[in-house]
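Chemist: Chains as they are written, first to last, in this note's numbering: chain C, 13 to 310; chain R, 13 to 310; chain L, 38 to 342; chain H, 38 to 342. This is the structure I have questions about; it appears just below.
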Amino acid sequence: MLHREIVIENQRIGADVYRLVLKGAVAATARPGQFVHLQVGTTTDPLLRRPISIAGIDQPKGEITLYYRVVGRGTAKLTGVRAGETLSVIGPVGTGFTVPAVGELLLVAGGIGLFPLFTLIEAVDRSAVRVKVLWGGENRTFIQEVGGETLFKMDVDYAVATMDGSMGHAGLVTDLLQAALEDRAARSLAHRTAEGQTAGTAPSDWGTGALTERPEGRAAFTVAACGPKGMLQAVAESCGQMGVPVEVSLEERMACGVGACLGCVCLVRTTDGTLARRRVCKDGPVFDGREVVWDEAD
Amino acid sequence: MLHREIVIENQRIGADVYRLVLKGAVAATARPGQFVHLQVGTTTDPLLRRPISIAGIDQPKGEITLYYRVVGRGTAKLTGVRAGETLSVIGPVGTGFTVPAVGELLLVAGGIGLFPLFTLIEAVDRSAVRVKVLWGGENRTFIQEVGGETLFKMDVDYAVATMDGSMGHAGLVTDLLQAALEDRAARSLAHRTAEGQTAGTAPSDWGTGALTERPEGRAAFTVAACGPKGMLQAVAESCGQMGVPVEVSLEERMACGVGACLGCVCLVRTTDGTLARRRVCKDGPVFDGREVVWDEAD
Amino acid sequence: MKPIDLTTHLGRLTLKNPVMTASGTYGFGEEYAAFYDPSRLGAITVKGITPLPRRGNPVPRVAETPSGMLNAVGLENPGLEAFLATYLPRLEKLKTPIIVNISGFSLDDYALMASAMPEDSCIAAVEVNISCPNIKQGGLAFGTDPRSAEEVLRVTRKNTKLPLIAKLTPNVTDIVTLAKAVENGGADMISLINTLLGMRIDLKTRKPILGNTMGGLSGPAVLPVAVRMVYQVYKAVRVPIIGMGGISTWQDAVEFMLAGATAVSVGTANFVNPLAPLEIIEGLTEYCRQAGFAAVREIVGLAHR
Amino acid sequence: MKPIDLTTHLGRLTLKNPVMTASGTYGFGEEYAAFYDPSRLGAITVKGITPLPRRGNPVPRVAETPSGMLNAVGLENPGLEAFLATYLPRLEKLKTPIIVNISGFSLDDYALMASAMPEDSCIAAVEVNISCPNIKQGGLAFGTDPRSAEEVLRVTRKNTKLPLIAKLTPNVTDIVTLAKAVENGGADMISLINTLLGMRIDLKTRKPILGNTMGGLSGPAVLPVAVRMVYQVYKAVRVPIIGMGGISTWQDAVEFMLAGATAVSVGTANFVNPLAPLEIIEGLTEYCRQAGFAAVREIVGLAHR
Ligand SMILES: Cc1cc2nc3c(=O)[nH]c(=O)nc-3n(C[C@H](O)[C@H](O)[C@H](O)COP(=O)(O)OP(=O)(O)OC[C@H]3O[C@@H](n4cnc5c(N)ncnc54)[C@H](O)[C@@H]3O)c2cc1C
Ligand SMILES: Cc1cc2nc3c(=O)[nH]c(=O)nc-3n(C[C@H](O)[C@H](O)[C@H](O)COP(=O)(O)OP(=O)(O)OC[C@H]3O[C@@H](n4cnc5c(N)ncnc54)[C@H](O)[C@@H]3O)c2cc1C
Ligand SMILES: Cc1cc2nc3c(=O)[nH]c(=O)nc-3n(C[C@H](O)[C@H](O)[C@H](O)COP(=O)(O)O)c2cc1C
Ligand SMILES: Cc1cc2nc3c(=O)[nH]c(=O)nc-3n(C[C@H](O)[C@H](O)[C@H](O)COP(=O)(O)O)c2cc1C
Ligand code: FES
Ligand code: FES
């Protein structure tokens, strides 16, 4: 789990975002939603490793792709790393996304929360699963610079929202989600009514069972989301209300990255209703959105 | 005094010794025996600057040459710096060697203590001053690797000593010094006796006055030395006994490098006989060898 | 070439080498098993246990500092009962001496925890963490008052035959008096140091970063403080010292042993380099070989000569 | 664009900006004049003065540590008489408020030093360093015992009308009690923190690196401890706080001010980046501008809201 990976590329792609391609042992076992815990320096400052999601897995080549945004000292230092050098990597770590086998998969991303969803897009069987990405960002520049190098090349349906209205929907990505959920509910209602069921119970009915336990024959509709905590909470609540299964990828400040220090916990409500701690690094970063307790004070 | 200098070259020349050539403002005002205080990293670890002697000054090109040996974390980090990058440099700092105008200059160096003497060799008017270097090192490999890239190219008289006898005199460089001093004394004695002076007072007579105050007409004989403390002490004592003026370049652990922290002091006996502190970084690193109190307990 | 003897004697406790892992940084021994076989360690110290389960502090629980980190986990742990029922059997499988770190808010808490530790399991010693606030005495930590510290050790001593380690906090004016107090109280060893109290503030939110406002500083930044305390305490007590605080390399470990530590514990460094404990074992061995020592214990306290 | 108001009120003392340099790291104000005009600083604190000249400790006096350094200069200084005769006239020329740091080994020492400071010179305040061992009371530092600390301030207060700063050592169990004690004693301000006691050992010689065995830890490594103490003391006292300990960047300075420091002092960072104080003044100004504060004093203590 501790590897030295060779830097193949470390390139700015725009808007303070860099693509980092690493060759080594991680690719062989990486799965969608997992991350690596990277050492950014060689002295004791900055001390801690930095968690970065795996955004691309090329098993034949033995390469993983990461995208990182420069926000502080660690990521700033990382930009100085050159192709040919090596980096110390712990990974792949964490419990990733469920990869649905059939149905529809709606991906909701806020800003750089887009990146961890790429591996999920790549992993699903697109002949059996309809994938659509809803992506929100600050403005057109960010969306075009970052999307132009990534999402827009991926041959997948998407819709964007920008806070300043400079591109796509003017507003939050959760507006797009809400619309999609309502649209889906309406379609399903029509479908079910045709099947002779009562409309009223349908949405809550959807909410039972884990994502993989969808009854055969009925196309599953699931959501996976990554982005700022506030957005994830809104996504989880919207989906919860509509009874749609949702997985969210959380971020938390980490020390060990392997479950040993209890630095990165979240709170979940377990099936028996009690509150329990989970480690974002080991038990997550992907959690069932219905389980997560968003406010400690609750 | 605080400059960003461009790295022109940072090259291993053998035996863990590197040559570092910097282009910038320091060259314009640097003098023999001064040093620079280099920042080796950009994070808080390693924290402190490292003092490195100026071993070459090329004013027309605006370049200084440094030689450093890798001994710890800071110098190890320095080896990673590449041509074209810049380094933060405080300098030139310190009070350097006296440059004699006439006579004979004997330079005594221990190991990498050779480097600070190069600027002195370059600075003296070789048509008026006879220069000879006595250099001691561990073994032939060290002497040949380091000397081959430096001293042996400088068209200056030299003699070497190695601890293991693998090159030159087998033993200490101070043996060579002792022989040179005795030889000189014998020659001088002959000279003075010829002048009708009493032989007995001659050596102590030499010892009076500063290096530059030599009476006209009589060729001054001075020694300058750099190397480990033990060697410098031996050099100073030998010269003292023979009444030969000697300047020594001291090393001490430094923080500020500019005289502000009192971290790098030595003890001197002033002309009125009292003991006083001097800052190696500002009042030195070059001191009159007869002044230095080598053992605090004295 | 004769192998260097790494055997380490901590009073009645004998370890195969002097390198262990520090409480709270090595979970319950399983997380780092993906990197190497934990039985290569001298011992493993597990996360601090309290009588009842604790959910700990809200996040953020960690914050980086120059060459260090703050943590405010708040003693999250499964509680004594679950520890014995669920974790201890799993620890048994690691085939490594286990040190159980216990924390309490009253003397009764410590007594209860000590008496509950089986004496015939993988548990090699009990480490008494006295950095917790003493609820009865108004919240001041047991570990900052010599009399309370001594009392905690005494009551723990009465309740177990296992070797006892007193773990001291560095947030005190006079570490030597505290060390003497726990020695008097019956400690077989002293662990030095726990974390230094610190905090950081977020420039954007203008609030403390940690959910708990303040936290414990660990990592290389604290090393010089820890070495100093080991050095001071070594002069003053007879019981062996387990040194910790910023140990990341074998050089650091040698420094602690020269200062007077008989064994060393690796904490924060695990997060940065999971192989640090193994590299330290190797480096210590090589240092002894090159310096001509036949046993690593020969270097303990040499800086005092 | 209105300029940001940097005026800083420390009790009766008003400075043009809140950035000063820390005692012992800025000599007698002249060494850094080669880099910039010192009058751009809020104030300069000079090296600690004692009644008699002191030659200080043997070398080595400094040792590097992770993100920090140890120093054991041992209060080398020219003594009171030479300070007044030789250094003060030169300080006068810097056109900058000067804070004189005084250290003593008895109450009489402090009284003498305080009464000797002219009240009509460039001396803007006297900083009372109480980290020295109290010879009469057996060597424990004045600064670790609240009653002694209060007494030192009281006696100093009686002997000068100049504003008084009490400089506290962080090597104590309870910084708040000490801060309250010096406030009671008459301190107009509190400086936090002096250095943490630490040591390092040389692996080759197997001896302590410092000539004095132990030394004071400063630099970025101690920043989280210093911020914590400023935060704690701000809650407990009314007098303004001068924050220091590892401040290297404007971000660090903002952190101290949010924690409750009215002014900040730059120490070890001068050695690394001689321009640090100026960069901090600029950065503070820019932070206030971008965050919409009209005066830098508005951010003091905001982390407590
Ligand atoms: C599971 C996971 C996956 C992530 N994936 C990505 C990714 O693919 N691309 C990307 O750009 N960023 C990602 N992040 C966020 C990234 O880890 C932080 O932006 C980065 O650690 C900041 O480091 P810094 O030194 O630049 O910032 P600093 O502020 O200097 O960091 C100081 C400390 O805070 C921690 N920290 C700061 N911001 C965050 C944050 N948002 N989340 C967690 N820790 C933080 C750092 O790890 C470090 O310990 C991910 C975070 C997690 C937890
Ligand atoms: C005036 C002066 C001129 C020098 N000129 C040269 C030169 O031209 N070439 C060269 O190779 N070396 C020179 N040195 C020695 C050089 O400064 C040290 O070897 C270097 O600082 C070691 O740094 P490090 O990080 O590799 O070692 P570390 O041991 O990791 O350093 C730790 C700390 O100790 C200090 N330190 C360690 N060794 C020495 C030493 N011998 N002298 C002073 N401080 C030390 C470092 O500066 C640092 O603060 C000079 C020293 C002085 C004082
Ligand atoms: C995340 C974390 C959790 C810790 N939890 C405990 C604990 O439960 N009990 C305890 O006695 N010490 C605890 N400590 C302190 C360490 O055991 C150790 O004393 C300290 O971190 C200094 O060592 P280091 O610098 O090598 O980490 C914890 C430290 C960290 C970093
Ligand atoms: C070399 C050095 C000498 C110091 N001398 C003194 C002193 O004479 N008096 C004093 O009160 N503090 C002295 N200090 C402490 C500093 O003023 C300051 O409180 C401490 O270094 C923390 O700040 P920093 O981390 O920014 O350096 C000294 C610090 C250093 C590094
Ligand atoms: S970061 Fe240590 S448990 Fe998650
Ligand atoms: S290094 Fe600061 S006075 Fe010389």
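No residue lacks a Cβ here, since even glycine has one placed at the ideal position from N, Cα and C.
1) Given that serine 104 of chain H touches chain R, what residues does it touch there, using C-beta distances under 7 angstroms?
2) Comparing the CB of lysine 84 of chain L with every heavy atom of ligand 3, is any distance shorter than 7 angstroms?
3) Suppose the cutoff is 7 angstroms on Cβ atoms and the five residues either side in sequence are ignored; what does the same chain contact list for threonine 210 of chain R look like?
4) Let me check one thing: in DSSP terms, what residues is lysine 162 of chain H bridge-paired to?
5) Within 8 angstroms of any Cβ in chain R, is that where the Cβ of proline 40 of chain H sits?
6) Among R/Gly183, R/Phe233, R/Asp169 and R/Gly177, which one has its Cα closest to the Cα of arginine 196 of chain R?
7) If I'm right that methionine 150 of chain L touches isoleucine 135 of chain L with Cβ under 8 angstroms, what's the distance once you round it to whole angstroms?
8) State yes or no: is the C-beta of threonine 305 of chain H nearer than 7 angstroms to some heavy atom of ligand 3?
9) Taking CB distances under 8 angstroms as the criterion, tell me whether glycine 53 of chain R reaches chain C.
10) Three Cβ pairs or more, each shorter than 8 angstroms: is that satisfied between the stretch 193–209 of chain L and the stretch 220–232 of chain H?
11) Using only the alpha-carbon positions, how far apart do threonine 82 of chain H and glycine 338 of chain H sit?
12) Hey, serine 261 of chain R and leucine 193 of chain R are a contact pair by Cβ (cut 8 angstroms); roughly how many whole angstroms apart?
13) For the alpha helix (DSSP H) that leucine 128 of chain H lies in, which residues bound it at each end?
14) Let me check you understand the geometry: is the CB of glutamate 335 of chain H closer than 7 angstroms to at least one non-hydrogen atom of ligand 8?
15) Ends of the alpha helix (DSSP H) at cysteine 251 of chain C?
16) So what's isoleucine 155 of chain R in DSSP terms, helix, strand or just coil?
17) My output table needs one value for glutamate 75 of chain R: the three-state DSSP class, helix, strand or coil.
18) Helix, strand or coil, according to DSSP, for cysteine 325 of chain H in the structure here?
19) State the Cα-Cα distance for the pair glycine 53 of chain C and serine 185 of chain L, rounded to the nearest angstrom.
20) Would you check if there are 3 or more beta carbon pairs closer than 8 angstroms linking the stretch 296–304 of chain L to the stretch 44–63 of chain L?
21) Please list, in chain order, all residues of the same chain as lysine 217 of chain L whose beta carbon is under 8 angstroms from its beta carbon, the five residues on each side excluded.
22) How many angstroms separate the CA atom of isoleucine 278 of chain L from the CA atom of threonine 232 of chain H?
23) Judging by CA-CA distance, which residue of R/Arg31, R/Leu90, R/Arg81 and R/Val168 is the nearest neighbour of leucine 118 of chain R?
24) In three-state terms, what does DSSP make of alanine 140 of chain C?
25) Under DSSP, the beta strand (DSSP E) around arginine 194 of chain L begins and ends at which residues?
26) How would you call glycine 296 of chain C, buried or exposed, if buried means at least 16 neighbouring beta carbons within 10 angstroms?
27) Between the C-alpha atoms of proline 155 of chain L and glycine 48 of chain L, what's the straight-line distance to the nearest angstrom?
28) Using the C-alpha atoms, what's the distance from isoleucine 102 of chain C back to glycine 45 of chain C?
29) Is glycine 248 of chain H near ligand 6, going by C-beta to nearest heavy atom under 7 angstroms?
30) Given the structure, does valine 83 of chain C come close to ligand 1, in the sense that its CB is under 7 angstroms from one of the ligand's heavy atoms?
31) Decide if threonine 283 of chain R is buried, meaning its Cβ has at least 16 other Cβ atoms within 10 Å, or exposed.
32) How is phenylalanine 47 of chain R classed by DSSP in three states: helix, strand or coil?
33) Might you give, ordered along the chain, the residues of its own chain that have their beta carbon closer than 7 angstroms to the beta carbon of glycine 221 of chain C, omitting 5 neighbours on each side?
34) Pick from H/Glu68, H/Tyr124, H/Leu107 and H/Pro95: whose alpha carbon is nearest that of isoleucine 86 of chain H?
35) Taking the Cβ atom as the reference point for each residue, do proline 311 of chain L and phenylalanine 65 of chain L lie within a distance shorter than 8 angstroms?
36) If you draw a straight line from the C-alpha of arginine 24 of chain R to the C-alpha of tyrosine 30 of chain R, how long is it?
Modeler: Quick look at the numbers:
1) Thr56, Asp57 and Leu59
2) yes
3) For threonine 210 of chain R, the predicted structure reports a pLDDT of 44, less than 50, and the residue's modelled location is therefore unreliable. The matter cannot be settled from this model.
4) Here residue 162 of chain H is alanine; the residue named in the question, lysine, does not match the sequence. DSSP output for alanine 162 of chain H lists H/Ile136 as bridge partner(s).
5) no
6) R/Phe233
7) Rounded, the Cβ-Cβ distance is 14 angstroms, inconsistent with contact.
8) no
9) yes
10) no
11) 23 angstroms
12) No, serine 261 of chain R and leucine 193 of chain R are not in contact; Cβ-Cβ is about 19 angstroms, not under 8 angstroms.
13) 125–129
14) The model on display carries ligand 1, ligand 2, ligand 3, ligand 4, ligand 5 and ligand 6 but not ligand 8.
15) 241–254
16) helix
17) strand
18) helix
19) 43 angstroms
20) yes
21) Pro183, Ala273 and Val274
22) 25 angstroms
23) R/Val168
24) coil
25) Premise fails: arginine 194 of chain L lies in the alpha helix (DSSP H), 183–196, not in any beta strand (DSSP E).
26) buried
27) 19 angstroms
28) 15 angstroms
29) no
30) yes
31) exposed
32) strand
33) Reliability of the predicted coordinates at glycine 221 of chain C is poor, the pLDDT of 36 falling under 50, and the value obtained from them is presented with this limitation in mind. No residues qualify anywhere along the chain.
34) H/Tyr124
35) no
36) 4 angstroms
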